[in-house]
Structure formats: C-alpha cells, structure tokens
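Asks: Quick one: this structure, given as structure tokens, is what I'll be asking you about.
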Amino acid sequence: MTDWNQTSRETKRVLAPHEPPPLEVVNAQGKSEFFLICEHAGNRIPEALGDMGLSEEDRQRHIAWDIGARAVALELSKMLDAPLYMQRYSRLVCDCNRRPDVPSFAPEKSEATIVPANQNLSAADREARANEIFWPFHNAVTEALDARNAAGRTTKLVTVHSFTPVFHGEKRPWEIGVLFNRDRDFAPRIYEWLTTNTDRVIGSNEPYAVGDDSDYAIPVHGEKRGIPCVEFEIRNDLIADPANAPRWAGYLRDAVTGV
1 MTDWNQTSRE
11 TKRVLAPHEP
21 PPLEVVNAQG
31 KSEFFLICEH
41 AGNRIPEALG
51 DMGLSEEDRQ
61 RHIAWDIGAR
71 AVALELSKML
81 DAPLYMQRYS
91 RLVCDCNRRP
101 DVPSFAPEKS
111 EATIVPANQN
121 LSAADREARA
131 NEIFWPFHNA
141 VTEALDARNA
151 AGRTTKLVTV
161 HSFTPVFHGE
171 KRPWEIGVLF
181 NRDRDFAPRI
191 YEWLTTNTDR
201 VIGSNEPYAV
211 GDDSDYAIPV
221 HGEKRGIPCV
231 EFEIRNDLIA
241 DPANAPRWAG
251 YLRDAVTGV
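To convert, note that position 187 of the sequence shown is 187 in the UniProt record's numbering; the numbers rise steadily by one, no gaps.
Written out as structure tokens, the structure is:
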C-alpha cells in the first residue's frame, strides 16, 4: 500500500519544476466588463501524487473536475472579449473553490469514492497543496481584480462550473443553475432572464447554493469586493462534447448581457 503522506514528505514539493503552473490565463487584456473564472477546468494530478490511488475512470469523472466547463468558459471568453482565469489541477488534489481550512478542500471521499491519497493528510500536506496550487491561482485573480479596480474599470464576476446529472442516485433535472448568496440583484436578474427568454430548465441556487464554507471565488472575489457576481452550473452531459460548448456559452452570454 502506498504511504501517500510519506511520499509527500519525501518529495517536499507537490509540483515538480517542469510541471505547468496551476493558472492558465486566456485573453488577459480582454476589454469586457466581465471577468471569468473556471476553478475546476482541469484534472491534472501532480507527478508526486501518482494516480492518487484512483482508476483512470475515476480520474475522468465529475469528482475530479468540472467536465465540459473549460470549453464553455473558453467560448464565453471569446464571445464577451473577457479575461478568463482557469485552474489546471484536479479538484481532488485541492479544490480551488473551497477554503483551505475546510475538509472538502482535499476530500477523503467524493460522492461514494474513497480518495486514497487524501486519507489522513497532515497539516503540512494540505498547506503544501494550498501554497503551490490554491494560493498562486487565487493571488493571481486578486491581483488582476485589484488592477481593474485601480484603473477604474467596471467588473462583473462570472464563474463557470458543471455538475453531474445523477448524484447519489438522484437525477437532477436542471440544465443551468444560477448560483448566488449575498448579491441579490445581478444573479437573480440573470435567473429571471433565462427563465423568461429560453426554454431551458433553469435552477435558482440549484443543484447547489453558494456559501462561505462551500465556495471561495464568489464570496471572496465577488461579494467581499461588492461587485456583481454569479456562478453558473451547467449539467455536464450537455457539454461533455466540446462541440456543444458554443451553444451553452451562448445562453450564458445572452443572459449576462441581457440584464
């Protein structure tokens, strides 16, 4: 049996020097008022963690990343001429939409799947993942948003996610979820626009709701700054094929520009 904690101590670093950084930026100089984030865009696993004790099938499932979200975010960035900040590494390594101090930051179990590499993680192991993946990603977002504010630019924050159509055996009927918490203006108006102007099945805070323990980007980069912010969730069976990304990105574009 692999001693994942020992492996982490021996390698001392989570990412090897030749591995890509967590942050991928597209259209950094985009002129739009919209700023896009996709925290679960990739499912890379650092070499130091091997396969994390998971099968290839599990590493491709929704537990590891937001299937289809990257393709939709890229299309939306092009449609809006908006900067897009994406995160490359699997949410099982560290979930960049969770605070580092909550258990789901490096989950021991995701849905019904045990994650061997995350069992009994030491504080040092969690800190290493945060320092090499989480903080570089979010610090870059913070710097970009600070620069926009200093330049007097209007910013509306949009995060792009996807969700599994069946969770713990329960089917989810929604096709697009519009998620929000403290901002009761921008996101609710987007929800109303989508329900009025499309024939899609739209959820308000479905299949999740935004919270300080269950999210990071919206509470920290959006709500704390007092800027309009919304999290989109798209059912991943609708966007697993990249060919469908333009259609679904189009719904998001029309909604955020229509309110």
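Don't be surprised by glycine CBs; every beta carbon is placed ideally from N, CA and C.
Just to confirm, are residue 252 and residue 76 a CB contact at a threshold of 7 angstroms?
Replies: Cβ atoms of residue 252 and residue 76: closer than 7 angstroms.
Asks: Give me whichever residues DSSP pairs with residue 87 in a beta bridge.
Replies: Paired residue(s): 23.
Asks: Measure how close the beta-carbons of residue 88 and residue 41 come, nearest whole angstrom, since I'm counting them as under 8 angstroms.
Replies: Rounded, the Cβ-Cβ distance is 7 angstroms, consistent with contact.
Asks: Three or more C-beta pairs under 8 angstroms: does that hold for the region 47-59 against the region 106-122?
Replies: Segments in contact, yes.
Asks: So residue 208 and residue 98 are in contact, right, with Cβ under 8 angstroms, and what is the actual spacing, rounded?
Replies: Contact doesn't hold; Cβ gap of about 12 angstroms is too wide.
Asks: Report, in whole angstroms, the separation of the C-beta atoms of residue 107 and residue 126, which I expect to be a contact under 8 angstroms.
Replies: Wrong, their Cβ atoms sit about 11 angstroms apart, outside the cutoff.
Asks: Who are residue 44's beta bridge partners in DSSP?
Replies: Paired residue(s): 89.
Asks: Leaving out five residues before and five after residue 66 in sequence, what residues of the same chain have Cβ atoms less than 6 angstroms from its Cβ?
Replies: Result list for residue 66: 40, 161 and 162, in chain order.
Asks: Do residue 177 and residue 223 come within 7 angstroms of each other at the CB atom, strictly closer than that value?
Replies: No.
Asks: If distances are taken between C-alpha atoms only, which option among 183, 86 and 33 comes closest to residue 24?
Replies: Checking every option, the nearest Cα to that of residue 24 belongs to 86.
Asks: For residue 44, is the classification buried or exposed, using 16 other Cβ atoms within 10 angstroms of its Cβ as the cut-off for buried?
Replies: Flag for residue 44 reads buried.
Asks: Given this structure, state the Cα-to-Cα distance separating residue 109 from residue 140, to the nearest angstrom.
Replies: Cα to Cα, residue 109 sits roughly 29 angstroms from residue 140.
Asks: Write down the C-beta distance between residue 186 and residue 229 rounded to the nearest angstrom, noting that I regard them as a contact closer than 8 angstroms.
Replies: Contact flag correct, Cβ pair sits at about 7 angstroms.
Asks: Pick helix, strand or coil for residue 169, following the three-state DSSP scheme.
Replies: DSSP places residue 169 in coil when its eight states are reduced to three.
Asks: Apart from the five residues on each side of it in sequence, which residues of its chain come closer than 6 angstroms, Cβ to Cβ, to residue 68?
Replies: Once the five neighbours on either side are set aside, the close Cβ partners of residue 68 are 162, 236, 239 and 240.
Asks: Name the DSSP bridge partner or partners of residue 159?
Replies: Answer by DSSP bridge pairing, in chain order: 37 and 231.
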